[in-house]
Amino acid sequence: MSASLSLPSNRSQLDILFRQTLIFSKMFKKSWASSPEILKILYQHSCDYAFNGRALELVERNLPKMFIENDQVRNGIQIQQGWFISPMNDISSRFFESGQNVSRAFWRGYFPGPNRKRNGLIIHLAPTGDDTYWRRYNGFVKPLLALGVSSILLQNPFYGERKPSNQFRSSLLNVSDLFVMGGSLILECCFLTRWAREQGFSPIGISGVSMGGHMASLAVTNIRDKPVSLIPLLSWTSASPVFTQGALAEAIGWKELSDELETNKELEKVLCDCGWLTMMEDQTHPAYKLFPKSRAHRLMWILMDAFTNLANYPAPVNTDSIRVVVAEDDAYVPRSSYIPDISDLWPGVSVSCIPGTGHVGAYLGSHKLFQEKILEAIGYSVPAPETTTLMDIPLSHQISFALARLRVRNAMERSNEKPRRGLI
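According to numbering that gives the first Met the number 0, the residues represented by the sequence shown are 0 to 423, in order.
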């Protein structure tokens, strides 16, 4: 271990340290929803389609047009950049009223070039805060390409090129933005897997770390025409504890949300219509037991449970091709006793636990394991490649490097200097 860095004895404390370093990243500091009616529309859509595994029906009713804007071969690798209009736009254009670019599903693909065998394809979804392709490319795409496995990196709504002009970095302004993101990614993955099959790719899997892993899980519950492998890494079954008890809870604009909850009558009506207001005041509800003194925390738990709890969605078609990886001491994704265990929801699923580490430590130190689980899920028996990437540097050095990057970026933002691409 590096002499310059002393890791906390409780590895989940490293998660807290990273969160504290991101002092400028405040989430949901504007409102519960850009318009309270958005929550109602989203919930009705989920009840009618996503909760019943019918999202693919919506996609096939009006298939998006795929636009390929760049297609080149470099060093034996075919690289494509493309986009399509999110099928979520067909449900309500109000979901993307913060900017036309938010509705455009931008992606980048990396495929073995001509005359090379292609051994399946993985769609990689972004974790919280990852608004570039860099981390996913270095941590996953490069080593998988060495084995002939293709990758598509899909950009999240509200991230990167899909970020609203008034949003700071990847800090979502409204709680409803997260649910728009989730609903969009479900539909976009339904379309992308269909398109990839038409291009001849097989087998196909969807993976992601943290929030990306949870979004991947939601998507696969609704891809029911043909089996798709699923590899959720460092995620679990519901975002309720993530945003109320985990490290990210410290980054939420609770005062703004609490004030709005007490004064916004339109919001109160929507909460009443959807049954959420009754849940908030029910003293037997888990949210009330956990947060008897905070209505905002109770509502956050209830909304996250409504939209993200995997128990509300059908089990994937084939649980045998699912590989779940969790960290034992994860402070970002707490495995609360009030949310279901994934093995109970999806019998037969394979769950691996990384012992003695938290969220950040597991992410920085477990990429070889992640790669192995991806390969297992798509039925590729060759061990993960030995190619060296940034993720193979000793963990203590990676942590020092990551913290230094965050501090430099925060310092530049304090002085209103735009961060350079290499620091992002």
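The beta carbon of each residue, even a glycine, is placed where N, CA and C say it ideally should be.
Assigned exposure category for residue i - 16 Cβ within 10 Å defines buried
i: Asn69; result: exposed
i: Gly424; result: Outside the displayed span of the chain (0 to 423) sits residue 424, for which this structure offers no information.
i: Phe157; result: buried
i: Thr220; result: buried
i: Leu256; result: buried
i: Glu280; result: exposed
i: Ile67; result: exposed
i: Arg406; result: Here the model assigns Arg406 a pLDDT of 49, short of 50, so the residue's position is not dependable, and the following value carries that caveat. Arg406 comes out exposed.
i: Gln370; result: buried
i: Gly347; result: exposed
i: Val72; result: exposed
i: Pro354; result: exposed
i: Thr283; result: exposed
i: Cys189; result: buried
6 Å CB neighbourhood of residue i in its chain, flanking five on each side removed
i: Met390; result: The predicted position of Met390 is uncertain, since its pLDDT is 49 and thus under 50; no value can be drawn from it.
i: Arg322; result: Ile230, Ser349, Lys372, Glu375, Ala376
i: Thr243; result: His296, Met299, Trp300
i: Ser128; result: Per the sequence shown, the amino acid found at residue 128 is Gly instead of Ser. The answer, listed in chain order, is Ser169.
i: Ser335; result: Pro240
i: Asp105; result: Strictly speaking, residue 105 in this sequence is Phe, with Asp absent from that position. Correct list, in chain order: Trp82, Gln154, Glu160.
i: Leu276; result: Leu270
i: His44; result: Ile90
i: Met278; result: His284, Ile301
Residue from the options with nearest C-alpha to residue i
i: His358; options: Tyr379, Cys273, Leu247; result: Leu247
i: Leu153; options: Ile84, Asn173, Leu172; result: Ile84
i: Glu436; options: Thr220, Asn173, Asn165; result: No answer is possible for residue 436: it lies beyond the span of the chain, which begins at 0 and ends at 423.
i: Leu55; options: Gly147, Leu184, Gln166; result: Leu184
i: Lys29; options: Ile251, Met214, Thr127, Gln79; result: Ile251
i: Tyr337; options: Phe27, Ser237, Gly364; result: Ser237
i: Phe110; options: Ala195, Arg103, Phe27, Asp304; result: Ala195
i: Asp89; options: Ser102, Gln79, Ile78, Gly98; result: Ser102
i: Gly98; options: Asn263, Gln166, Tyr287; result: Gln166
i: Ser150; options: Val72, Ile121, Trp235; result: Ile121
i: Asn61; options: Glu187, Phe94, Val148, Leu368; result: Glu187
i: Lys254; options: Ser234, Leu270, Arg294, Leu144; result: Arg294
i: Ser164; options: Glu96, Cys189, Thr131; result: Glu96
i: Thr131; options: Lys162, Asn114, Lys141; result: Lys162
i: Leu368; options: Val324, Ile341, Ala145, Gly360; result: Val324
i: Pro339; options: Gly360, Ala310, Asn100; result: Ala310
i: Ser380; options: Gly360, Ser92, Asn100, Leu146; result: Leu146
i: Val316; options: Arg223, Pro285, Phe290, Met278; result: Arg223
i: Ser92; options: Val140, Glu59, Trp133, Ile37; result: Ile37
i: Ser209; options: Thr262, Asn263, Arg135; result: Arg135
i: Gln77; options: Lys141, Glu197, Glu59; result: Lys141
Residue range of the unbroken alpha helix (DSSP H) whose run includes residue i
i: Asn69; result: Here Asn69 belongs to no alpha helix (DSSP H); instead the beta strand (DSSP E) covers 66-73.
i: Ile37; result: 35-47
i: Pro240; result: 239-243
i: Ile373; result: 366-376
i: Trp235; result: Neither: Trp235 is in no alpha helix (DSSP H) and is coded neither H nor E.
i: Pro291; result: Careful: Pro291 lies outside any alpha helix (DSSP H) and carries neither H nor E.
Beta-carbon separation (whole angstroms), residue i vs residue j, contact threshold 8 Å
i: Trp345; j: Thr307; result: The pair is not a contact, with the Cβ atoms about 15 Å apart (cut-off 8 Å).
i: His123; j: Gly207; result: 6 Å
i: Pro86; j: Leu57; result: 6 Å
i: Ser175; j: Ala32; result: 4 Å
i: Gly211; j: Pro126; result: 5 Å
i: Ala330; j: Gly245; result: 6 Å
i: Leu233; j: Ala326; result: 6 Å
i: Arg117; j: Gly75; result: Not really, about 12 Å apart at Cβ, beyond 8 Å.
i: Gln79; j: Gly112; result: So it is not a contact: roughly 12 Å between Cβ atoms.
Run of the beta strand (DSSP E) containing residue i, from where it starts to where it stops
i: Gln79; result: 76-84
i: Cys188; result: It is not in any beta strand (DSSP E) - Cys188 instead sits in the alpha helix (DSSP H) that spans 174-197.
i: Leu124; result: 120-124
i: Pro111; result: 103-111
i: Val58; result: From DSSP, Val58 is part of no beta strand (DSSP E) but of the alpha helix (DSSP H) over 54-60.
i: Cys273; result: From DSSP, Cys273 is part of no beta strand (DSSP E); its letter is neither H nor E.
i: Val482; result: Only positions 0 to 423 of the chain appear in the structure, and residue 482 is not among them; the question remains open.
i: Leu152; result: 149-153
Close Cβ partners of residue i (< 7 Å) along its chain, the five nearest in sequence each way excluded
i: Met180; result: Asn155, Pro156, Phe157
i: Pro202; result: Gly119, Ser228, Ile377, Gly378
i: Phe178; result: Leu41, Phe306
i: Asp304; result: Ser237, Ser239
i: Met214; result: Leu124, Gly181, Leu184, Gly207
i: Asp272; result: Lys39
i: Lys268; result: none
i: Lys25; result: Ser170, Ala250, Gly252
i: Pro226; result: Val316, Asn317, Ser320
Nonlocal neighbours in the same chain, by C-beta distance under 8 Å from residue i, ignoring five residues either side
i: Tyr312; result: Ala49, Phe50, Gly52, Leu217, Thr220, Asn221
i: Lys64; result: Phe83, Ile84
i: Ile341; result: Trp235, Thr236, Leu309, Val323, Val348, Val350
Proximity test, residue i beta-carbon vs the ligand COA heavy atom, cut-off 8 Å
i: Thr283; result: This structure lacks the ligand COA, and indeed carries no ligand of any kind.
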